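Asker: Structure in structure tokens, see below.
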Ligand SMILES: Nc1ncnc2c1ncn2[C@@H]1O[C@H](COP(=O)(O)OP(=O)(O)OP(=O)(O)O)[C@@H](O)[C@H]1O
Ligand SMILES: Nc1ncnc2c1ncn2[C@@H]1O[C@H](COP(=O)(O)OP(=O)(O)OP(=O)(O)O)[C@@H](O)[C@H]1O
Ligand SMILES: [Mg+2]
Ligand SMILES: [Mg+2]
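Protein chains in written order, with this note's numbering: chain S, 34 to 555; chain X, 4 to 305; chain R, -8 to 297; chain V, 2 to 603.
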């Protein structure tokens, strides 16, 4: 059993604010910034990560076994785990949950993660209602067979979509299950006033004895980040869910008392510019390389108040497989110009740069625009609502360049493969796909498949190295110009305790609700 | 029997043979109106001569335009109105932004006013099915969320200044139409309109010469208030990707981009805001003066 | 009266029908694909198609609209694509807050605007008049976001008179209503001034003065009811304008109204919510105008309900 | 401004004056100036008079001579911002009014000095019930309780002979006929029982029968309360009937002052003599008739009206259905020959203006109206424009029928412009000539309608109608607001035009003397129908219908010596043209009693 924090006392309540509505708390559906970690606290999966890290550990599974060929996973379930409705969780629930999330009727945005499970195609096509690969061996044992070896499968068993739900409750509420979530998690939903607040209460029967620390968490919805910060400064709020708004960042950092309560951490995020490799002139690799060299990443970072670090490859530094030694393309205007000339555009060309319209993305786009102008590329900016940018990216002739900020990629799980599939692989380069660079390199796809078939945890490093190579090769073809990796800055009220890393937990965003506590309980 | 009747002899007062001065001439006699005209002239001049008035390029993100932490600079000797979040000279952006904002606030708003007035007058004057149909259409447009229309248009067209101008004209006429309709229908009942009909005045003549002048005060109120509203609306629409795209400046979008920073960098909101206010006020001063000048019952007012 | 109401309500239904057709058509033409928002990044084309079928989005426009309409008649606005909840439920949860804010804002702007306009008209040309004019233009020209934050900062954070955002008591209502009211007050005061000036020179005002009535009685009993008519018409219009202001103000003050719902839905092409909110606000506007028309004859007996 | 020598600033304004015989109101050296485009000019100059308790002072004189301005100056209600008292003093008892602050003036207005305005149509607040307007006036100056104030309001309404006074309190001005509104205004002033009552042409909107009653009422008030009355009127008959003393004004100055007998019998000044000479007298018309050349063989009629009906639907009841109708015009037929003047007379609200408007094409009607050879129904746009040219109408309310935002010169030139007559220069000349012919000066062309007096506006309307030299002019109460001398000249002008161009007139008037003077034929209307029609001589020498007889008898005689002791009051209620749907009034049969003299059965 895990050691508990000796300083932590149980009890107390905290308040967290969010701007946007919480859409749903159905683990099969929720895929937003705010509900992601809420769901993690209401539900559990077979696997999880150690708090504040990216290290996998079993959760509802007590233990697991992987067959030598890496295609069969056998999970032994923890006993005595109860749903919030009091019923004990069994292997049937696990199977039910996986069948449910892959069933097209559920309309889960995460169904694709389970594609490696045997029988997935039939379920996706509506030919079967259950995954053939998932079998209940006995009430506390589940066997999952894969159609191909998948090194990321344990991560998949840790993402929300695979979290276990009780069949009877799902059937009771039907489509409204997301508003009446019942899981096995540390908290249970006590109140949900639409548009105003959600209240989580400690689950007294939580299987993880001693957790959670807090009695109650109130999420207040619809709060402008600036106002949330004002309230934090007044002591009405404990954590601003949307972080420190850019407009207030300098002010907070200039005040030592406030600065002391800011926690900085890495994020599994990369901001990049995609270049449509099927569209002239970006079909020429030299042009794409020139763009990579033309962007003054230092300055872009400065514009967002140094809240990021310049990036030179797709993977963020805290992701396994990140290549520290990789040099990337240095900022070099002269060389960029030369490359452009070589590519037959000595005088540059005109193009478009799409960007999502929320601050600071248009500003970043303008900085990039100016850098491109320095080598003769006149990019006009199209600052649009998120949905419209996504639509343009998924259209082969839609967008020559897109600044990814605000829309794409915060990793679903901490594995290098997560940065490849839909956004750089051939599978995503289809109409309506997410590979906005329309980059398709069959060799790399094969290599990626090879890397993901190295299932043995002992060989993880070998696998990461392979992925590192893949991304190096990607950067040679330069479908992206990585610009920076955003840093997270979370702030907490003085009364909040717990390790700093809980506040920048890479998977529990913004904080790990199960492990934080308050200092002022008696 | 043909001797004309002796006219009333004018009493005491010397009849100065001073014929009416032109409207402009009379405007120029009012200090407040002159101030208004000057502000408008300055704004137009600023917009037209922007390249000669400032040493900076409106879109150039100056190296020395930001602090080391990336904060904008407050007003100083080099940047009179400070710099923005990307290190661009704010004064220059406001000058160039006047081009966009004048087109929106004056041209688009004016177009909306004209459409609204025409629809309102027509509907108010012609009672029958024309009026009914026009008013029902106006009701429909009024009930229809403008923002949605704008977004959809944006999706269909390439975003540009003229699209946003068109959208503003298309959505803003409705309110004017409704107000003008109400007034016109009561004016149409007045006896002097009947009197015009008996002398054979054509419908356009009645509408333009006899009804329109009475609507002037209302039109002036709506027109001048519309300036601020439309300039700010442009920013919202641009934000949704319909209007001018960055880095093109407009007063509205300078405010819009920077409004969350109003505590950290108040000049970014204050100066463009003041520009909008000044323009709207200037038009109002001129409008008020015009209203007085064109309203004969107010003559003799200092 | 009943005949009039029936006729107007029938017209209202037609207008709403028109609004629903146009909105539906515009959303249909929108290039952004809601299915892709639902399906997520990892979805296979197969899944995407399956979802599209389930939502009926593969059907021709007419079929889709007809289905929407038939559901609408039974009070079903569909389910949100993103939130997956009943749109009716979402709107019902948020509508009261918006209506409350609307009432508060209208009270604020009418009270402020009418007073300002009245004073300006009476003191026409004076320094007071000029000051009020500048004031009303500041109200109209100031971005609401900034006004809201400023009020919040001064009255809630610094002075602590009101809560920093939120919803519940009348104290929560003051600042958001005021923020919206300041803009509206600018409009109302200009309208009021204009019509008041007109009324003040009418013969019946002279009659009232000849009776030796006190200034207050002349202004409030004789002039105001005559001058207020255009302002009443304006309140009907106002509800429409109000819908755009509400988005900003609700987010600044964390006010749980439909503005925020609408804005999020627009950003994410959540068509059922957009449709629902559009129809609800269209209803509000139509009813507002109807109300203004019904009230008018009570203010001016010459007006007949037609 | 005059040095306010005798003013006691702190004096209590409302102290009742002991009947010392001292004047209630003293005006001395009063000068009122108005500011226009061409600088300031005086419209009342150096006017002095005084008024004793219980006295009636009539101010008569030329239209535009400053009568209304004088009374407004007394009330402290000169039109702002143009007009001001530039010299002289107005003293109420001991109190100087010209320098009195607005607040103290408030206490005086209504309480000690009340006024009935010249334009009754626009002087009532359209959105307040008449009860409200009456009661508040009473409450402002007495400390009666609400119900007492209400009771005295009802009493005041009864006094001006408004039937069903109690239920009328709830009605709004637009629900009353013009004459009733006039009487409400009078009631309001009377209810206040002021020391001084200024009545500016209080009976212009009233037909002779009601006029008589109202005048009688003023006299009652004087007898009972000792009220001093300033009566402004151009009707010398009314002056003779009412006045103790008379002031004659011209061009802003008083030209003569004296007792009523002196003025009528021993006028000192030419102008007064001219005025008196111009007074139309019953019976003189017939004498003049010989001057008119004998009619040639009957030519085609300019206008022919057959069986005209105009009804206004009143929507009412819970379902908004048409429940009642105003039967404003019920089967009127007449024709007007070129060179002929047909007069339409009848009590207020009997449908005269409505008939005129239907003829001018301003109202939907049923029946036939033919102009020249053409039936108005089913004419195309161009033809209608041509017909319009031939028929011109002078509206009853001159102020309301002039676009207040146009200069009067432009207004008069407008018909010429519309019909493309002449060059701009020619048009200006023609307008200037017209101005002079109606007794206005050409330099007034640059002014706006509100800058004129009631009578001047009426003349502008006349000039406008004459501009096109139409074949038929409909003149609705077109000379009612003119002083007798101008009236005479305008009537003369109309006759001249008739002789020169053969214009025909449809002449609508309350004033029987004028009618008798100008008409060739007369039609008497009652409740939307013609009750008697014939040549002037037939009607005036031989009135057959009782209503016609009453009208003729009610005409006041412009001779103080022949003052009637007391005007007979009517006790029947005024009949109403409003009827339930499906209950049209019975059609009257007109019988020819010889030579085309038509009389309804009675
Ligand atoms: N608002 C005004 N501005 C300028 N001049 C005016 C104004 N009102 C009246 N006048 C002028 O003042 C003069 C006197 O007008 P007033 O109304 O006193 O005449 P009146 O004697 O009452 O005539 P009437 O019998 O025609 O009513 C007229 O010459 C008129 O043109
Ligand atoms: N628009 C209208 N709606 C309803 N009733 C009307 C309307 N116009 C006139 N009436 C009514 O029609 C009747 C005739 O009105 P009209 O104006 O013709 O009277 P008149 O003979 O000209 O009276 P006056 O001598 O007072 O001018 C009146 O009872 C009047 O109240
Ligand atoms: Mg007068
Ligand atoms: Mg009449």
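Where is the CB? At the ideal position from N, CA and C, for every residue including glycine.
Given the structure is predicted, the values throughout are model-derived calculations rather than measurements.
Using a beta-carbon distance below 8 Å, is residue 271 of chain R in contact with chain X?
Answerer: Stepping through the third chain from its first residue, residue 271 of chain R is reached at position 280. False, the Cβ-Cβ gap to chain X never drops below 8 Å.
Asker: Who does residue 385 of chain S pair with in a DSSP beta bridge?
Answerer: Working through the first chain from its first residue, we reach residue 385 of chain S at position 352. BP columns for residue 385 of chain S point to S/413.
Asker: Quick check: is any heavy atom of ligand 3 less than 7 Å from the C-beta of residue 455 of chain V?
Answerer: For the purposes of this step, residue 455 of chain V is taken as residue 454 along the fourth chain, with counting starting at 1. Checking the Cβ of residue 455 of chain V against ligand 3 gives yes.
Asker: Starting from residue 201 of chain X, find everything on chain V with Cβ-Cβ shorter than 8 Å and list it in chain order.
Answerer: Residue mapping note: residue 201 of chain X aligns to position 198 of the second chain, counting from 1. Per Cβ cutoff of 8 Å: 361, 362, 363, 389, 392, 393 and 394.
Asker: Would you verify that the beta carbon of residue 287 of chain X is, or is not, closer than 8 Å to some beta carbon of chain R?
Answerer: On the second chain, residue 287 of chain X is found 284 positions in, with the first residue counted as 1. Yes - at least one Cβ of chain R is within 8 Å of the one on residue 287 of chain X.
Asker: Hey, how far is the Cα of residue 77 of chain V from the Cα of residue 394 of chain V?
Answerer: As a working note, residue 77 of chain V is residue 76 in the fourth chain. As a working note, residue 394 of chain V is residue 393 in the fourth chain. Between residue 77 of chain V and residue 394 of chain V, the C-alpha separation is close to 36 Å.
Asker: Out of X/98, X/287, X/140 and X/150, which has the shortest C-alpha to C-alpha gap to residue 243 of chain X?
Answerer: Translated into positions along the second chain, residue 243 of chain X becomes position 240. Measuring from the Cα of residue 243 of chain X, the nearest candidate turns out to be X/150.
Asker: Which residue marks the beginning of the alpha helix (DSSP H) containing residue 225 of chain V, and which one marks its end?
Answerer: On the fourth chain, residue 225 of chain V is found 224 positions in, with the first residue counted as 1. That run of the alpha helix (DSSP H) goes 209 to 226.
Asker: Any heavy atom of ligand 3 within a distance shorter than 7 Å of the CB on residue 481 of chain V?
Answerer: Along the fourth chain, read from residue 1 onward, the residue named residue 481 of chain V stands at position 480. No, ligand 3 has no heavy atom inside 7 Å of this Cβ.
Asker: Where does residue 431 of chain S land, buried or exposed, given buried means 16+ other C-beta within 10 angstroms?
Answerer: Counting from one through the first chain, the residue named residue 431 of chain S turns up at place 398. With 16 or more other Cβ atoms within 10 Å, it is buried.
Asker: So what's residue 330 of chain S in DSSP terms, helix, strand or just coil?
Answerer: In the first chain, residue 330 of chain S corresponds to position 297, counting from 1. Note: residue 330 of chain S maps to helix in three-state DSSP.
Asker: Decide if residue 87 of chain R is buried, meaning its Cβ has at least 16 other Cβ atoms within 10 Å, or exposed.
Answerer: The residue you call residue 87 of chain R lines up with position 96 of the third chain. Residue 87 of chain R should be labelled exposed.
Asker: Is the Cβ of residue 249 of chain X closer than 8 Å to any Cβ of chain S?
Answerer: Taking the second chain and counting its residues from 1, one reaches residue 249 of chain X at position 246. At least one chain S Cβ lies under 8 Å of residue 249 of chain X.
Asker: At what residues does the alpha helix (DSSP H) containing residue 192 of chain R begin and finish?
Answerer: Here residue 192 of chain R refers to the residue found at position 201 when the third chain is read from its first residue. Looking at the DSSP string, residue 192 of chain R is not in any alpha helix (DSSP H), and its letter there is neither H nor E.
Asker: Return the Cβ separation of residue 31 of chain V and residue 74 of chain V in integer angstroms, given the expectation that the two are a contact with Cβ distance under 8 Å.
Answerer: Here residue 31 of chain V refers to the residue found at position 30 when the fourth chain is read from its first residue. Here residue 74 of chain V refers to the residue found at position 73 when the fourth chain is read from its first residue. Contact holds; Cβ gap of about 6 Å.
Asker: Is residue 405 of chain V near ligand 1, judged by its Cβ being under 7 Å from some heavy atom?
Answerer: Locating residue 405 of chain V in the fourth chain gives position 404, counting from the first residue. Answer for residue 405 of chain V: no, Cβ out of range of ligand 1.
Asker: Taking residue 254 of chain X as the reference, give the member of X/245, X/268 and X/239 with the closest Cα.
Answerer: Position 251 of the second chain holds residue 254 of chain X. The candidate whose alpha carbon is nearest that of residue 254 of chain X is X/239.
Asker: Can you find a CB in chain V that lies within less than 8 Å of the CB of residue 184 of chain X?
Answerer: Your numbering for residue 184 of chain X matches position 181 in the second chain. Not closer than 8 Å to any Cβ of chain V, the Cβ of residue 184 of chain X fails to qualify, so no.
Asker: Under a Cβ-count criterion, where at least 16 other Cβ atoms within 10 Å of its own Cβ denotes burial, should residue 270 of chain S be classed as buried or exposed?
Answerer: Here residue 270 of chain S refers to the residue found at position 237 of the first chain. Buried, since its Cβ has 16 or more Cβ neighbours within 10 Å.
Asker: Is the distance from the Cβ of residue 342 of chain V to the Cβ of residue 519 of chain V below 8 Å?
Answerer: As a working note, residue 342 of chain V is residue 341 in the fourth chain. As a working note, residue 519 of chain V is residue 518 in the fourth chain. Cβ distance < 8 Å, so residue 342 of chain V and residue 519 of chain V count as in contact.
Asker: Check residue 19 of chain V in the structure and name its three-state DSSP category.
Answerer: Position 18 of the fourth chain, counted from the start, is the residue given in the question as residue 19 of chain V. Its pLDDT being 36, under 50, residue 19 of chain V is placed unreliably in this model, and the coordinates cannot settle the point.
Asker: Which class does residue 304 of chain S belong to by DSSP, given the choice of helix, strand or coil?
Answerer: Counting from 1 along the first chain, the entry for residue 304 of chain S is found at position 271. Correct three-state label for residue 304 of chain S: strand.
Asker: Run through DSSP, which three-state label would residue 155 of chain X get?
Answerer: Within the second chain, numbered from 1, the residue matching residue 155 of chain X stands at position 152. Residue 155 of chain X falls in the helix class under three-state DSSP.
Asker: By the criterion of Cβ-Cβ separation under 7 Å, what are the contact partners of residue 110 of chain V in chain R?
Answerer: Residue numbering aside, residue 110 of chain V sits at position 109 when the fourth chain is read from its first letter. Within chain R, the residues near residue 110 of chain V are 200, 201, 202 and 203.
Asker: Do residue 235 of chain X and residue 134 of chain R have their beta-carbon atoms positioned less than 8 Å apart in this structure?
Answerer: Numbered from its first residue, the third chain carries residue 134 of chain R at position 143. Numbered from its first residue, the second chain carries residue 235 of chain X at position 232. The answer is yes: Cβ separation under 8 Å.
Asker: So, under 8 Å CB-CB, residue 416 of chain V and residue 468 of chain V are touching, yes? Tell me the CB distance rounded to an integer number of Å.
Answerer: As a first step, residue 416 of chain V is located in the fourth chain; it is residue number 415 there, counting from the start. As a first step, residue 468 of chain V is located in the fourth chain; it is residue number 467 there, counting from the start. Confirmed, Cβ separation roughly 5 Å.
Asker: Please say whether residue 249 of chain X and residue 283 of chain S have beta carbons closer to each other than 8 Å?
Answerer: In the first chain, the residue the question calls residue 283 of chain S occupies position 250. In the second chain, the residue the question calls residue 249 of chain X occupies position 246. Cβ distance not < 8 Å, so residue 283 of chain S and residue 249 of chain X don't count as in contact.
Asker: If we count Cβ pairs, one from each stretch, closer than 8 Å, do we get three or more for the segment 71 to 84 of chain X versus the segment 322 to 330 of chain S?
Answerer: Result no; under three Cβ-Cβ pairs closer than 8 Å.
Asker: How many Å lie between residue 538 of chain S and residue 163 of chain S at the Cα?
Answerer: As a working note, residue 538 of chain S is residue 505 in the first chain. As a working note, residue 163 of chain S is residue 130 in the first chain. The straight-line gap from Cα to Cα measures roughly 34 Å.
Asker: Does residue 197 of chain R come within less than 8 Å of chain V when only Cβ atoms are used?
Answerer: In the third chain, residue 197 of chain R corresponds to position 206, counting from 1. Interface residue, yes.
Asker: Would residue 128 of chain S be called buried (16 or more neighbouring beta carbons within 10 Å of its own) or exposed?
Answerer: Taking the first residue of the first chain as 1, we reach residue 128 of chain S at position 95. Buried.
Asker: Are there three or more Cβ pairs, one per stretch, closer than 8 Å when the segment 196 to 209 of chain V is compared with the segment 229 to 247 of chain V?
Answerer: Yes, the segment 196 to 209 of chain V touches the segment 229 to 247 of chain V.
Asker: Should the segment 35 to 55 of chain S be called in touch with the segment 231 to 251 of chain S, which here means at least 3 C-beta pairs below 8 Å?
Answerer: Yes, the segment 35 to 55 of chain S is in contact with the segment 231 to 251 of chain S.
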